[in-house]
Amino acid sequence: MNTATALKDEAHTDVTWQTICSKADLVAFSGVAAWLETAEGPAQVAIFYLPGHAQELYAIDHHDPFSDANVIGRGIVGDIKGDAVVASPIYKQHFRLEDGSCVEDDSVTLRTWPVRFDGEKVVIEA
34 MNTATALKDE AHTDVTWQTI CSKADLVAFS GVAAWLETAE GPAQVAIFYL
84 PGHAQELYAI DHHDPFSDAN VIGRGIVGDI KGDAVVASPI YKQHFRLEDG
134 SCVEDDSVTL RTWPVRFDGE KVVIEA
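Here it is as C-alpha cells:
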C-alpha cells in the first residue's frame, strides 16, 4: 500500500485527509498496516475494519511499545467488556481500538486517528 497525496476535506478546509487504501484492501475483522504522513513525520498506522458494528473503521499506531515492533496490525481483534480491542501478537497486551488505551497497563496508550470511508476509499485525518 502507498500513501496518496493528502486531500483537503471540502467541509473543513483546515483538515487534511489522506487516502490510505481502498475498501477492497481491507480484511473484515482484521488489520492492515499502512504509512501515514503526519506533521511529526511518517508513521505506521494499523487500520481495522469491523463491518456491521456501529463504528466500522479504526486507525491506531502499528507500533507495539511493549515489544518495540511494528506488529499491531497483525494482532487478533476481539471484545473485552464491550470494547473492541486488538491483542498484540507478541506479548498479548490488549489495546482498545476506540482510544488506543492498553487494557493491562493504563499508563500506555497508542495514537489514534479519525478514519472514514470516502466512497470506496479509506481516508485518514492527519
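Each residue of the sequence shown is one higher than the one before, counting from 34 in the working numbering.
Heads up, the beta-carbon is just placed ideally off N, CA and C, and yes, glycines get one too.
Keep in mind that this is a model prediction, so the values were computed, not measured.
Check: Helix or strand or just coil, what does DSSP make of residue 57?
Finding: helix
Next item on the list: On the DSSP bridge assignment, give the partners of residue 75 in chain order.
Entry: 70
Notebook entry, point to check: Hey, residue 104 and residue 123 are a contact pair by Cβ (cut 8 Å); roughly how many whole angstroms apart?
Noted result: 6 Å
Check: Between which two residues does the beta strand (DSSP E) carrying residue 123 extend?
Finding: Premise fails: residue 123 is in no beta strand (DSSP E) and is neither H nor E.
Margin query: For residue 158, list the residues DSSP reports as bridge partners.
Written below: 50
Item checked: Reduced DSSP category for residue 107 - H, G, I as helix; E, B as strand; rest coil -> helix
Next item on the list: Sort out for me which residues DSSP pairs residue 148 with in a bridge.
Entry: 157
Item checked: For residue 87, the three-state DSSP class (helix, strand or coil) -> coil
Notebook entry, point to check: DSSP on residue 81, reduced to helix/strand/coil?
Noted result: strand
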